[in-house]
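For the sequence shown, this note's numbering begins at 64 and goes up steadily by one. In this text, a Cβ means the ideal position worked out from N, Cα and C, and glycines have one as well. The structure appears below as structure tokens.
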Amino acid sequence: MFGIKASAEYIVEWAAKDPYGFLTSVIFALTPLFIISAALSWKLAKMIEAR
């Protein structure tokens, strides 16, 4: 079983060996979260404006 330390070492190794692939994966993983955050912020702004 992998521990947290082993997982962290693997990720650091991956980032060092293939930085562009690593950054691309991180961006693809975070993009949906940014889109959801923007949509919820817009919805909250509309709710506050309605009051």
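Distance between residue j and residue i (C-alpha atoms, nearest Å)
i	j	result
L96	S70	23 Å
I90	I98	12 Å
E112	L93	28 Å
G84	E76	12 Å
G66	I74	12 Å
A108	R114	10 Å
A102	M110	12 Å
Residue i - containing alpha helix (DSSP H), residue span
i	result
G84	82-113
Test: residue i CB closer than 8 Å to a CB of chain B
i	result
P82	This model lacks chain B altogether; it includes just one protein chain.
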